[in-house]
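Just below is one structure, and these are the notes that go with it.
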Amino acid sequence: MFWPRYAIPTTMCGTIAPMTIRTKIIATVGPASGSVPTLRRLIQAGCDVFRVNFSHGDPAQRAELLSNIRAAEAALGEPVAVMADLCGPKIRVGRIAGGAVLLADGQELEIVREPVEGDATRISTTLGEMIDALRPGEPILLDDGKLRLEVVAPDPPRAVRCRVVRGGVLAASKGVNLPRTELKLSALTEKDRRDVEWICKTSVPGGDGFDYVALSFVRAAADVQELRAMLRAGSCGAHIVAKVEKPQALERIDEVIAASDAVMVARGDLGVEMDLPAVPIAQKRIARLCRQAGKPCIIATQMLESMTACETPTRAEVSDVANAVLDHADAVMLSGETAVGKFPVEAASMMNRIVSAMQAYHDEQDAPAPPRTTGGRTVDALAHATREIVALGGLQAVAVFTATGATARLLAKNRLSCPILALSPTREVVRRTCLYYGVAAVQQADPPEHTREILAIASRLAVEKGLARRGDRILVVSGRPIGKPGHTNTLVVHTVE
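Written out as structure tokens, the structure is:
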């Protein structure tokens, strides 16, 4: 089955009916979830995409995770996408004598350029160059914002003198955030560049490599373009997910979305670098702009955090996942819950249940307002027409023949009330659509030559995947010339025979 995510909601009239899950689920793999049996259970629990965090492990360990994911995928006959998440220029506190030090409110602290063994009077960081960019009055946040410093007197290139605004215990290797400082750094570190080269080697066309590469600490479109150039140079077709976790990215969000293939609202660092009450507003704004642009939007970080140690989530966490679905996010993501948590499969199952319940609520409400149509392309007009036809009712599914997945993505933008069955000749496209809202995909190796064959194949696969029965009506979207990208131009309402 290529669409196994079923919820069984009880409607107001008491009948029971299957309902396909439209918001996708991403699970981070790690020690708690990297075995083939656990990965199979996660797929069966509703996971569509697996994230490999490049902040941990080495190439051999990541290769094993990738191999295990593909083995679980093959065992179930169920396509899944794999996302490589690059580390990015994360700044951390350097070594500290004794491992930690107490910083008192109001005291002065010096941050020096060269690596030192820190104490209560001075520390170093993993990025000594940050000293060159700091200005008086700018904040420095330590340990996810638990401690706060203020720059008093920069003394480049040697050091910067700071005042402790909010003190506490500072341990070695804790994160450093500079919310108001514009660092002139590439979003790709030397480690990231080595990792991208490795990703390209493992993701050759037609292979079983990575489908997405997530870029951390994006600040502008140029960061995304730099990564895209590296992927193209390495003949890697992986799509790029821009992680929004810096205020600078929010200020340039339109250009970041335009340059990317998908966007992740990474609320961890974003919540450190901006006022916390502003984070939900940013989430809603990004989700809306992504939908208007037809780019997948992922909501991430601490969604079911308590399930790292507990078998059930808090009520607030359930509401958080539900709110992301109401924001029309394409996907919601689990991090530590599945990577290192005690209950990885239970966390995925719980997220699936929440998404299912919210979808049932969605279907009882008025349809969301359609996003504005951009551009004058035929495919944009067809996507809008598809939405209008589906809104009239009576259709069980929309089947789309797509060479690149672009038409399926544009249909997903319209948040149709019935599932989209994407048929593509390439395995890479089938896997990439696992991130698209409401899309299930099947590899259709040989493009049909005639309309009658197109309709017959669409009908057969819709029935095989449980999306339609004989006598049901489906909408078939295709193009002429057949199999040529960018030529989607035909809609046919067809009765399944």
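The opening position of the sequence shown corresponds to residue -3 in the working numbering, with each subsequent residue numbered one higher. From the three backbone atoms N, C-alpha and C, an ideal C-beta is built for every residue, glycine too.
In the structure shown, the three-state DSSP call for Val112 is coil.
Contact check for Ala225 against Val252 fails: the beta carbons are separated by 7 Å or more. Per DSSP, Asp151 is one residue of the beta strand (DSSP E) stretching across 143 to 151.
Remark: fewer than three beta-carbon pairs, one from each stretch, lie closer than 8 Å, so the stretch 108 to 115 and the stretch 173 to 181 are not flagged as touching.
Here the stretch 94 to 110 makes no contact with the stretch 66 to 77; the two share fewer than three CB pairs at distances below 8 Å. Of all alpha-carbon atoms in Ala245, Ala312, Arg349, the one lying nearest the alpha-carbon of Thr19 is that of Arg349.
Residue pairing for Asn173: DSSP places it in a beta bridge opposite Leu137.
Between the alpha carbons of Ile21 and Ser29 lies a distance of about 15 Å. Across the structure, Glu106 and Met329 are spaced so that their CA atoms are roughly 38 Å apart. Thr24 has Arg47 as its beta-bridge partners, per DSSP.
The C-alpha of Leu174 lies about 13 Å from the C-alpha of Cys158. DSSP, read as helix, strand or coil, puts Arg215 in coil. Sorting Arg154, Val89, Pro152, Arg144 by C-alpha distance to the C-alpha of Thr122 places Val89 at the top. Cβ neighbours of Asn319 within its own chain (closer than 8 Å, five residues either side excluded): Pro276. For Leu457, the closest of Gln40, Pro415, Leu487 by C-alpha to C-alpha distance is Pro415. In this structure, the CA atom of Arg465 is about 14 Å from the CA atom of Leu417. In the same chain as Gly164, and ignoring 5 residues on each side of it, the C-beta atoms closer than 8 Å to its own belong to Leu98, Leu99, Asp139, Lys142, Leu143, in chain order.
A straight-line Cα-Cα distance of about 20 Å links Asp188 and Ser331.
Exclusion of the five residues before and after Gln440 leaves Phe397, Leu419, Ser420, Pro421, Ile453, Leu457 as the residues of its chain whose Cβ lies within less than 8 Å of its Cβ. The DSSP-derived three-state label of Thr447 is helix.
Per DSSP, Ile119 is one residue of the beta strand (DSSP E) stretching across 118 to 120.
Residue range 77 to 81 is occupied by the beta strand (DSSP E) that includes Asp81, with no alpha helix (DSSP H) assigned at that position. Pairing Phe46 with Glu104, the inter-Cα distance amounts to about 45 Å.
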